[in-house]
Amino acid sequence: MKIVVTTPTGHVGSHVTRVLIQAGVRPTLLVRDAGRLDPGARERADVVEGDQLRADDVLRATEGADALYWVNPPTGAPDPIAAHRELGAVAARAVTENSVPRVVFQSSVGAELRTGAGEIDGLAATEEALDATGAAVLHLRCGLFFTNLLLDPAGLEEGVLRVTWPVDLPLPWVDPRDIAEVAAARLLARDWSGREVQAVHGPQDLTYEQVAAIVGQAVGRPVRAERIPDDALREGLRAAGMTDAQVEALVGMSVGLREGFTPENPRTFATTTPTTLGAWAFANLRPAGDA
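Here my numbering is used: the first residue of the sequence shown is 840, the next is one more, and so on.
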């Protein structure tokens, strides 16, 4: 069975790769730089160096594929949503021209809105492009990644989580490793068809106030959540050199989902995954040398 994995060095893709190898599959890994792969994974996989924005590279990697794990990678494009649309078009072309029968796409909670959710709108466009191929397609609607907490090390050091969300709004938080396990299980399964949506919500919804308290316990010092105005975030992002489209793509994610949004997929046994934020934070955020 040929299973193609994109973004195999990412938080999710690297673990999808590991699970497939442990299941006895030799995956095909589409990666920009093969040197970034874990040596153990590289020995046990077929590696195709290429760019997901280049259709020829994706067509080459997916030729003869039985299943495809597709993630829209960060591109640094001036317009992130337009880049997502382009990535979706490339994926759909490869699925169609190579008759790939099954696709698992890493999407996000909020993609069901289709518009008004910032960069998530680009994931929604990719969902639609893949749906139009006629292949069996599963969209994984993931919650907030635990690894998002690694994006602002200075804030963590200061003991402040600055967010544009209401700090008392419960949100689904999930370990990327758990997403990988769900993705790998569906890639290995052959008995599904049509279009499906599978939410991946983590073990429980958490407010940013709760997240801050859990992180504080892990790092051994107080951490608080602080809501900042949207315009303050915009100002900071522009000062960092981001384009207006990049700024609005980031700000729009919280604006679109924080007020009056009800997820299409409610929390159920099937959408709930096991790893707690406390366990992840203790393993990934606790200072080295602390017991």
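Note that CB positions come from ideal geometry on N, CA and C, so glycine has one too. These figures come from a predicted structure and were not determined experimentally.
Straight-line CA distance for residue i to residue j?
i: K841; j: D872; result: 21 Å
i: G874; j: T848; result: 10 Å
i: I860; j: V929; result: 26 Å
i: P1068; j: T1003; result: 6 Å
i: G1080; j: V999; result: 23 Å
i: V1086; j: R1073; result: 6 Å
i: T846; j: G889; result: 11 Å
i: T1046; j: A1078; result: 28 Å
i: L898; j: L1008; result: 42 Å
i: Q891; j: T914; result: 10 Å
i: G1128; j: A1057; result: Low local confidence applies: a pLDDT of 47 at G1128 is under 50, so the model's placement there is unreliable, with the coordinate-based value given in what follows. Distance between the alpha carbons of G1128 and A1057 is about 13 Å.
i: P992; j: S938; result: 44 Å
i: P878; j: S853; result: 12 Å
i: A1064; j: E1048; result: 5 Å
i: V844; j: E958; result: 22 Å
i: L876; j: R865; result: 15 Å
i: P1102; j: L1096; result: 9 Å
i: A1019; j: V851; result: 5 Å
i: G1075; j: L1027; result: 43 Å
i: T901; j: R1066; result: 44 Å
i: L907; j: P1061; result: 43 Å
i: F985; j: A1084; result: 25 Å
i: A1110; j: G982; result: Note on identity: in this sequence residue 1110 is Thr, with Ala being the wrong assignment. T1110 and G982: Cα-Cα distance of roughly 10 Å.
i: R1029; j: D905; result: 9 Å
i: R1106; j: L926; result: 29 Å
i: T867; j: W909; result: 12 Å
i: E951; j: F1100; result: 10 Å
i: G949; j: S1093; result: 10 Å
i: A862; j: T1082; result: 43 Å
i: F1121; j: P1042; result: 16 Å
i: R1025; j: L989; result: 28 Å
i: F1108; j: H1040; result: 10 Å
i: W1119; j: P1126; result: 13 Å
Where does residue i fall in DSSP's three states?
i: H854; result: helix
i: R883; result: coil
i: G1132; result: A question about residue 1132 goes unanswered here, because the residues of the chain that appear run from 840 up to 1130.
i: Q945; result: strand
i: E1087; result: helix
i: R1066; result: strand
i: G1128; result: In this prediction, G1128 scores a pLDDT of 47, lower than 50, which makes its location untrustworthy; the coordinate-derived value is nonetheless stated afterwards. Note: G1128 maps to coil in three-state DSSP.
i: L898; result: helix
i: T1110; result: coil
i: T845; result: strand
i: A862; result: coil
i: L1116; result: helix
i: G1041; result: strand
i: L892; result: coil
i: V910; result: coil
i: T1046; result: coil
i: V939; result: coil
i: N1123; result: helix
i: L868; result: strand
i: P1105; result: coil
i: R875; result: helix
At the 8 Å Cβ level, is residue i part of the contact set with chain B, yes or no?
i: S1032; result: The question asks about chain B, but that chain is absent: this structure has only one protein chain.
Taking a contact to mean a Cβ-Cβ separation below 8 Å, would you say residue i touches residue j in this structure?
i: A894; j: R932; result: yes
i: N1104; j: A1038; result: yes
i: G1091; j: A956; result: yes
i: D1014; j: T1112; result: yes
i: V855; j: A1023; result: yes
i: P1005; j: D1044; result: no
i: A880; j: R857; result: yes
i: R1016; j: T1115; result: no
i: P919; j: A1088; result: yes
i: V1021; j: T972; result: no
Start-end ranges of the alpha helix (DSSP H) lying completely within the region 952-1038, minimum 4 residues
Listed in chain order, the complete alpha helix (DSSP H) runs (minimum 4 residues) inside the region 952-1038 are 959-970, 992-997, 1015-1027.
Under 8 Å: do the region 1052-1066 and the region 962-972 share three or more Cβ pairs, one atom per stretch?
The answer is no - the region 962-972 does not touch the region 1052-1066, with fewer than three Cβ pairs under 8 Å.
Is it true that the region 973-984 meets the region 933-947, where meeting means three or more beta-carbon pairs spaced less than 8 Å apart?
They touch, by the three-pair rule.
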